[in-house]
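Going by the numbering used here, the sequence shown opens with residue 313, and the numbers climb by one from there.
All C-beta atoms, glycine included, are put in the ideal place defined by N, C-alpha and C.
Small disclaimer: the values here were computed from a predicted structure and weren't measured.
Notes for the one structure printed next.
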Amino acid sequence: MIVADEVAEALSAGRAVVALESTLLAHGLPAGRNREVATRLEAAVRGAGAVPATIAVLGGRARIGLSESELDRVCDPAAGLVKLSRRDLGPALALGRDGATTVAGTAALAAAAGIAVFGTGGLGGVHLGTGWDVSADLDVLAGTPVLVVCSGVKSILDIAATVEVLETRSVPVIGYRTDSFPAFYRRESNFTVPWRVDTPAAAATVVAAHFAHVPGRSGILLVNPVPAQHELDADLHDRLLAEGMKLVERRGIRGGDVTPVLLEHFHTASAGASLAANEALVLDNVRLAAAVAVELAPANSPQASTDVTDGRG
Ligand code: PSU
Ligand code: MN
């Protein structure tokens, strides 16, 4: 594992670090736009007072924090990065491959690097239908002590089943200024969240209590609805979803290809509205993740002003 200097320094000084995933760049956004988004996400994290650590596997090494040229490589379709869930990490490392990490892959590597906060767009979940397609994101979150800030799951998934699996696997789900489990493009679904907080400080106290006092090693989910002005129109959303599902069935798309194909349909058939929503919500989530990370950072705790020995007070 190669941890970028800036990230390693921040971690050892107890300052806030936010993990960012690379699959949403390499496989979730169109080429060109993805590179701009990568820059904006890192800038948003910095603007909120934390250090960004975009995570990927390049040349068979796990990278925690990418340089500009490494971000170029992640966002270049010609580089042909594969999609890496946690199960794919071993083969990719051993075979010297380049790959973009999903929520599952990113959370696993972030936790291993000592990063507790991760901001992204949407979580994988239980797919619609009876094909046993359940994202490893859920399982990994159940066993990895990381806070994931996201906008719930897309309505291309079975939200009811996803919410049930999160409950069964004992993953706390906390609504950020919402009582509804968000549906990515839409601020609300038909499902409520069991807990709600209204400030980053309150979110941080919940996360701290969970990690410090609750037995087990589960992660925690903070769900933040898409900003209201970027929410997709309900009718447009329902039409895109119905079309996308038909497309997947007609073309016989399966497994890990389902999400990217559906996303691409949303992006092309909505004339950019879904892309705008997608970008706005990821940006808002990483900002929120950074605000929570700042609250949680040991260097910012009340005792730290007396404990800190590096001279900065
Ligand atoms: N949501 C997005 N864009 C994405 C994904 C989710 O808006 O690119 C990606 C995430 O990386 C997530 C993955 O972890 O899809 C889930 O894929 P699967 O269902 O194959 O586990
Ligand atoms: Mn899957």
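Can you give the Cα-Cα distance for residue i and residue j, rounded to whole angstroms?
i    : j    : result
G662 : S397 : An answer regarding residue 662 cannot be provided, because it is not within the stretch 313 to 625 covered by the chain.
R624 : A325 : Confidence at R624 is low in this model, with a pLDDT of 47, below 50, so the placement of that residue should be treated as unreliable; the coordinate-derived value is given next. For R624 and A325, the distance between alpha carbons rounds to 11 Å.
S463 : L593 : 7 Å
A425 : D547 : 43 Å
K466 : A515 : 23 Å
E333 : Q615 : 32 Å
R599 : V485 : 19 Å
W444 : V477 : 13 Å
E382 : V394 : 15 Å
G411 : I427 : 20 Å
I471 : Q541 : 23 Å
S613 : A390 : 45 Å
V475 : R352 : 30 Å
M313 : H339 : 23 Å
P364 : H549 : 32 Å
I532 : L378 : 25 Å
L587 : F430 : 21 Å
A423 : A601 : 15 Å
P610 : A581 : 46 Å
G528 : N346 : 36 Å
T335 : N597 : 16 Å
A473 : Y497 : 18 Å
Y488 : E500 : 12 Å
C387 : G344 : 7 Å
L595 : D317 : 24 Å
L561 : D384 : The displayed chain sequence assigns Glu, not Leu, to residue 561. Approximately 33 Å between the Cα atoms of the pair.
G564 : I468 : 16 Å
P342 : E348 : 10 Å
L544 : T413 : 27 Å
A320 : L440 : 41 Å
G408 : T442 : 35 Å
L559 : N590 : 21 Å
T366 : A513 : 24 Å
V315 : R327 : 15 Å
A524 : T456 : 14 Å
V369 : D400 : 10 Å
Using 8 Å as the cut-off, classify the Cβ of residue i as near or not near the heavy atoms of the ligand PSU, replying yes or no.
i    : result
V538 : no
T474 : no
S501 : no
E318 : no
H339 : yes
D550 : no
L575 : yes
E348 : no
K466 : yes
P457 : no
A404 : no
D410 : no
V415 : yes
E333 : yes
Below 8 Å, is the gap between the Cβ of residue i and the nearest heavy atom of the ligand MN?
i    : result
A448 : yes
G436 : yes
G280 : Because the chain is modelled from 313 through 625, residue 280 falls outside the range shown and cannot be assessed.
G372 : no
V570 : yes
T451 : Residue identity differs from the one stated: residue 451 is Asp in this sequence, not Thr. Incorrect: D451 has no Cβ contact closer than 8 Å to the ligand MN.
D470 : no
G556 : no
G426 : no
D400 : no
Less than 9 Å between CB atoms is the rule here; does residue i satisfy it with respect to chain D?
i    : result
G433 : The structure shown contains no chain D; it holds only a single protein chain.
Opposite residue i in the DSSP bridges: which residues?
i    : result
V460 : F430, L533
T580 : Answer is none; T580 lacks a bridge partner.
V413 : Before going on, a small fix: residue 413 reads as Thr here, not Val. Answer is L396.
A374 : V369
V713 : The question about residue 713 has no answer, for the chain in this structure spans 313 to 625.
I314 : R375
L548 : The partner list for L548 (beta bridge, DSSP) is empty, contrary to what the question assumes.
L469 : H439
Counting beta carbon pairs with one atom in the segment 492-503 and one in the segment 410-423, are three or more of them shorter than 8 Å?
no
If we count Cβ pairs, one from each stretch, closer than 8 Å, do we get three or more for the segment 400-418 versus the segment 361-377?
yes
Taking only runs of the beta strand (DSSP E) that begin and end inside the segment 484-546, which ones reach a length of at least 3 residues, in chain order?
485-488, 507-509, 532-535
Pair every Cβ in the segment 592-610 with every Cβ in the segment 344-360, then say whether three or more of these pairs are closer than 8 Å.
yes
Mind the definition here: the segment 502-513 touches the segment 422-437 only if three or more C-beta pairs lie below 8 Å; say whether that holds.
no
Taking 8 Å as the threshold, find out whether the segment 476-483 comes into contact with the segment 557-572 through three or more Cβ pairs.
no
Are three or more beta carbon pairs between the segment 446-456 and the segment 520-527 nearer than 8 Å?
no
Taking only runs that begin and end inside the segment 380-411, name each unbroken beta strand (DSSP E) of 3 or more residues, in chain order.
394-396
What ranges does the alpha helix (DSSP H) occupy inside the segment 329-371, keeping only unbroken runs of at least 4 residues that lie completely in it?
335-338, 345-359
How about the segment 576-584 and the segment 545-560: do they share at least three Cβ pairs that are nearer than 8 Å?
yes
Enumerate, from N- to C-terminal direction, the unbroken alpha helix (DSSP H) stretches of 4 or more residues contained entirely within the segment 555-618.
570-581, 585-608
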